[in-house]
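Engineer: Supplied in structure tokens, the structure appears directly below.
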Amino acid sequence: MISEMKKVYILTKSDYRKKALLTLRSTGMVHISDKPASFSTDSVSEKKRLADIVSVCNWISDAKAKIKSVAKKHADGNEVFGLKFAGEVQSNDIDCIVSESAGFISEYFALKSERKKVAESLDYMNFWGDFDVSLLEKVRNAGIDLTFAEIDRSKEAAVLEAVDGIRIREVSKTSSVFAVLADADAIPSGVKTYRESAQSVSDLLGRLTEIDGRMRHIDEFFESLVSIEASIQAKRKEVERNLNLLFAIDSFSMDGELVHMTGFIPSSCVAEFEKILSGHGEIGYCICDVEPDDEPPTLLRNGSYSSMLKPVIDILGLFPGYRERDISFWFLSFFAIFFALIIGDAVYGSVFLIFGIALACKGRSITNTSGLLIMLGLCTVVWGAMTGTYLGSELVLESSPFLRRLVVPAFASFPSVFSLSAAYTQNSIMRLCFTIGALQLILACAMNVISKARKKDLSMFADVGWYMIIQSLYFVVLYLLIKGKLESDMIENRTNLIIGLIAFGFGLIVVFGGQAPGKSFAQGLKSGLADLFTTFLNVISAFGNIMSYIRLFAVGMASVAIAGSFNQIARNFYSGALFAVAAVILA
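Residue 141 in our numbering sits at position 85 of the sequence shown; the count goes up by one each step and never skips.
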């Protein structure tokens with residue numbers, strides 16, 4: 057659940073800022089909302105220091121992926137490229153290592169860039185050949201114009217009439233490289249000529265070897281740091297805490313000798329917060345309610361059921377805002393239902409259940425993950441029993457009267473066992489999926505109505521209108537896709553009622569959708585009329601939202617179909633194997 061927050065103003069002397077912040081940090085309750093207008097030199101320096109450590113940690117992670125063994129340890133302690141540390145690595149040693157590492161990282165990127173240029177030059181020079189470029193320069197200084205050119209066979213005669221040249225080697229069947237006794241400008245256009253290079257192929261190869269060796273040396277350096285990664289990570293956390301403190305100091309607003317700042321604390325911690333600060337006369341504070349324009353942080357205090365959602369929330373990357381409604385219970389409930397409908401097999405549900413119980417037994421307590429697995433497994437087992445799905449096999453259901461008694465015939469995966477048609481059971485499950493979808497949307501409307509009624513917000517009548525529309529569209533969807541007796545009676549005998557509900561609900565949305573506290577009725581009506589076309593599109597969207605729940609039905613049916621196909625393949629393979637064995641015996 058989302059904890060209620062209180063706003064707190066902190067006041068202290070300018071020279072007491074750091075001690076005051078350390079006191080506030082020790083409480084672990086205050087979230088500072090003010091942002092620094094400018095950063096001090098210490099903050100900038102510490103930020104650069106943290107960036108270097110983060111970069112080093114990333115390089116160490118890459119090094120761990122490259123090596124299988126990190127055995128850089130010796131009996132007398134850790135060793136990093138000849139630097140030996142007895143036992144725990146000291147903070148000053150880490151600073152030296154990080155500083156040297158930052159230099160290596162900069163050098164590595166410079167070498168990488170240079171290597172790319174050298175490789176390009178090498179590709180170019182390999183085309184012309186390996187020769188001493190200084191000798192070419194000496195020849196030119198002696199007054200002889202000499203260069204190289206690639207001449208196409210079809211242009212050879214024309215080019216050699218204009219300049220003197222000697223074929224050095226064939227590049228391909230259609231062209232050759234010539235040594236030409238002429239300046240590059242004298243060679244006819246369209247001919248590829250040698251571009252001046254300061255290094256020969258041999259020089260470039262040598263430089264490439266040097267660069268690769270140096271880059272490998274840097275890689276080995278970071279591989280050696282793997283053995284002290286824990287110490288570097290600890291240093292990273294220390295610097296992060298120190299940087300946060302410096303940022304907080306910079307966040308204080310100056311007013312003569314006094315400084316002040318704003319933050320938030322959980323309402324449940326107010327009494328303890330006041331008790332702690334009662335012994336610090338240098339710190340003044342004022343606690344008040346959160347204002348509408350404030351942006352307090354979100355503090356989640358998980359209950360018994362909502363704590364199980366944490367693994368799902370972490371995977372999906374979801375995090376609610378402070379003013380958002382707490383839907384943990386409903387989210388968890390519908391998530392479990394969806395999971396059960398999609399997996400749909402009691403045996404697979406048992407696997408999740410057993411795995412969750414095993415995790416709980418191993419840890420000697422039910423954690424968020426094990427609790428979630430147990431709940432999802434139980435829901436899947438229940439749904440699998442209701443549909444009679446056990447590894448997608450009809451034989452299991454036919455051979456067990458007990459399992460058949462657990463089945464709800466209308467939802468049976470194998471309706472022939474209960475003398476029902478496949479269309480009947482499919483329509484029943486489809487009806488269930490659409491009902492779940494409509495319930496979710498109606499639940500959202502109900503929660504909005506309750507919340508707005510407490511605030512005396514007239515827009516709650518717009519949510520009543522949405523309820524009418526969703527309820528009516530639900531029956532329309534059932535009629536279009538299922539056309540059972542219930543749906544036919546509802547639509548064919550009450551068509552005018554459904555159309556009337558949709559029209560009346562639409563009117564409520566238009567009239568009350570723009571209403572809000574502090575706004576006159578006329579202003580709200582004007583706003584609602586301005587959004588008339590958007591509201592119409594939203595009604596169509598609501599119809600599509602209900603229709604979209606057919607995917608839940610489709611995925612669940614696909615799971616059963618895939619399991620049945622797999623079982624059929626296994627039976628065919630088993631029969632073929634028996635036939636082969638029988639043939640061998642008879643032969």
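The beta-carbon is built from N, C-alpha and C at its ideal position, and this holds for glycine as well. Note that the structure is a prediction, hence the values are computed from the model and not measured.
1) Who pairs with C344 in a beta bridge, going by DSSP?
2) Using only the alpha-carbon positions, how far apart do C152 and G269 sit?
3) Which same chain residues, not among the five before or five after A119, have their C-beta less than 8 Å away from its C-beta?
4) So, using beta-carbon positions, are G221 and V233 closer together than 7 Å?
5) Okay, do the stretch 586-605 and the stretch 526-536 touch, 3+ Cβ pairs below 8 Å being the bar?
6) By Cβ distance below 7 Å, which residues in the same chain neighbour G400 in space, the five residues on each side in sequence not counted?
7) Who pairs with F320 in a beta bridge, going by DSSP?
8) With distances taken Cα to Cα, identify the nearest neighbour of K575 among F562, I558, L588 and K512.
9) Return the CA-CA distance between S177 and G262, expressed in angstroms with no decimal places.
10) Using 8 Å for Cβ pairs, my map puts V295 next to I58. What's the rounded Cβ distance?
11) Is the beta carbon of L378 sitting closer than 7 Å to the one on P352?
12) Return the first residue and the last residue of the alpha helix (DSSP H) that S256 is part of.
13) At which residues does the beta strand (DSSP E) containing D306 begin and terminate?
14) What residue does the alpha helix (DSSP H) around D382 start on, and which one ends it?
15) Contact check, S515 vs R381 under 8 Å by CB: the rounded distance?
16) Here's the rule: buried if 16 or more other CB atoms are within 10 angstroms of the residue's CB, otherwise exposed. What is R105?
17) How far does the alpha helix (DSSP H) with F458 in it reach, from first residue to last?
18) Going by Cα to Cα distance, which pick from G493, G335, P457 and P471 is closest to F387?
19) Apart from the five residues just before and just after I410, which ones in its own chain have a Cβ nearer than 8 Å to its Cβ?
20) Can you give me the C-alpha to C-alpha distance between F165 and N298, rounded to a whole angstrom?
21) Counting C-beta neighbours from all protein chains within 10 Å, is the total for C344 16 or more, i.e. buried, or is it exposed?
22) Which partner residues does I371 have in the DSSP bridge list?
23) When DSSP labels each residue in this structure, what does D311 get in the three-state scheme?
24) Quick check: the stretch 63-73 against the stretch 307-321, are there 3 or more CB pairs under 8 Å?
25) Cutting at 7 Å between CB atoms, please list the residues of its own chain near L260, excluding the five before and the five after it.
26) Taking the straight line between their C-alpha atoms, what separation do you get for G133 and I161?
27) So, for I207: in the same chain, excluding its five sequence neighbours on each side, which residues have a beta-carbon less than 7 Å away from its beta-carbon?
28) CA-CA distance, A131 and I284?
29) Compare the Cα-Cα distances from K428 to each of S484, L356, P465 and L365 and report the closest residue.
Structural biologist: So, from the listed chains and residues:
1) Indexing the sequence shown from 1 puts residue 344 at position 288. Under the DSSP definition of a beta bridge, C344 partners with K63.
2) Position 96 of the sequence shown, counted from the start, is the residue given in the question as residue 152. Position 213 of the sequence shown, counted from the start, is the residue given in the question as residue 269. Each residue's Cα considered, the two are about 24 Å apart.
3) The residue labelled residue 119 in the question sits at position 63 within the sequence shown. Within the same chain, A119 has close Cβ partners D275, F278, E279, L281 and V282.
4) Numbered from its first residue, the sequence shown carries residue 221 at position 165. Numbered from its first residue, the sequence shown carries residue 233 at position 177. No, the pair does not count as a contact, with Cβ atoms beyond the cut-off.
5) Three or more beta-carbon pairs drawn from the stretch 586-605 and the stretch 526-536 are found closer than 8 Å, and the two stretches are therefore classed as touching.
6) One-based indexing of the sequence shown puts residue 400 at position 344. Closer than 7 Å at Cβ, skipping near neighbours: W439, G440, T443, T445, G612, S615 and V616.
7) Residue numbering aside, residue 320 sits at position 264 when the sequence shown is read from its first letter. When DSSP reads this structure, F320 sits in a beta bridge with K63 and H87.
8) Here residue 575 refers to the residue found at position 519 when the sequence shown is read from its first residue. When each option's Cα is compared against that of K575, the closest is K512.
9) Position 121 of the sequence shown, counting from 1, holds the residue named residue 177. Position 206 of the sequence shown, counting from 1, holds the residue named residue 262. The alpha-carbon atoms of S177 and G262 are separated by roughly 13 Å.
10) Residue numbering aside, residue 295 sits at position 239 when the sequence shown is read from its first letter. Residue numbering aside, residue 58 sits at position 2 when the sequence shown is read from its first letter. Wrong, their Cβ atoms sit about 32 Å apart, outside the cutoff.
11) Here residue 378 refers to the residue found at position 322 when the sequence shown is read from its first residue. Here residue 352 refers to the residue found at position 296 when the sequence shown is read from its first residue. Checking the sequence, you will find Tyr at residue 378 rather than Leu. Going by C-beta atoms, Y378 is nearer than 7 Å to P352.
12) The sequence position of residue 256 within the sequence shown is 200, counting from 1. Run containing S256: none; DSSP gives neither H nor E here.
13) In the sequence shown, residue 306 corresponds to position 250, counting from 1. Following the DSSP letters along the chain, one finds D306 in no beta strand (DSSP E) but inside the alpha helix (DSSP H) bounded by residues E285 to S307.
14) Start at 1 with the first residue of the sequence shown, and residue 382 comes out as number 326. Element bounds for D382: n/a, residue is neither H nor E.
15) Sequence index remark: in the sequence shown, residue 515 carries index 459 (1-based). Sequence index remark: in the sequence shown, residue 381 carries index 325 (1-based). Between the beta-carbon of S515 and that of R381 there is about 15 Å, and that puts the pair past the 8 Å contact cut.
16) For this step, residue 105 is matched to residue 49 along the sequence shown. In summary, R105 is buried, with 16 or more beta-carbon neighbours lying within 10 Å of its beta-carbon over all protein chains present.
17) Locating residue 458 in the sequence shown gives position 402, where the first residue counts as 1. Segment P457 to L462, the alpha helix (DSSP H) holding F458.
18) Within the sequence shown, numbered from 1, the residue matching residue 387 stands at position 331. Nearest of G493, G335, P457 and P471 to F387, Cα basis: G493.
19) Here residue 410 is taken as the residue at index 354 of the sequence shown, counted from 1. Here I410 has G433 as same chain residues with Cβ atoms under 8 Å from its own Cβ, once five neighbours each way along the sequence are excluded.
20) Counting from 1 along the sequence shown, the entry for residue 165 is found at position 109. Counting from 1 along the sequence shown, the entry for residue 298 is found at position 242. If I take the Cα positions, the gap works out to 29 Å.
21) Along the sequence shown, one-based indexing puts residue 344 at 288. The residue is exposed, with fewer than 16 neighbouring Cβ atoms inside 10 Å.
22) Indexing the sequence shown from 1 puts residue 371 at position 315. Looking at the DSSP output, I371 shares a beta bridge with no other residue.
23) Locating residue 311 in the sequence shown gives position 255, where the first residue counts as 1. In the three-state reduction of the DSSP assignment, D311 falls in the strand class, which pools E and B.
24) They touch, by the three-pair rule.
25) Residue mapping note: residue 260 aligns to position 204 of the sequence shown, counting from 1. Hits under 7 Å: V174, S177, L178 and M181.
26) Here residue 133 corresponds to residue number 77 of the sequence shown, with the count starting at 1. Here residue 161 corresponds to residue number 105 of the sequence shown, with the count starting at 1. With a pLDDT of 45 at G133, under the threshold of 50, the modelled position of this residue cannot be trusted; read the value that follows with caution. When rounded, the distance between both Cα atoms is 26 Å.
27) On the sequence shown, residue 207 is found 151 positions in, with the first residue counted as 1. Close CB contacts of I207 within its chain, under the 7 Å cut and outside five residues either way in sequence, are with V215, S231, S232, F234 and V247 (chain order).
28) For the purposes of this step, residue 131 is taken as residue 75 along the sequence shown, with counting starting at 1. For the purposes of this step, residue 284 is taken as residue 228 along the sequence shown, with counting starting at 1. In this prediction, A131 scores a pLDDT of 37, lower than 50, which makes its location untrustworthy; the coordinate-derived value is nonetheless stated afterwards. Cα to Cα, A131 sits roughly 15 Å from I284.
29) By 1-based counting over the sequence shown, the position of residue 428 is 372. The displayed chain sequence assigns Leu, not Lys, to residue 428. When each option's Cα is compared against that of L428, the closest is L365.
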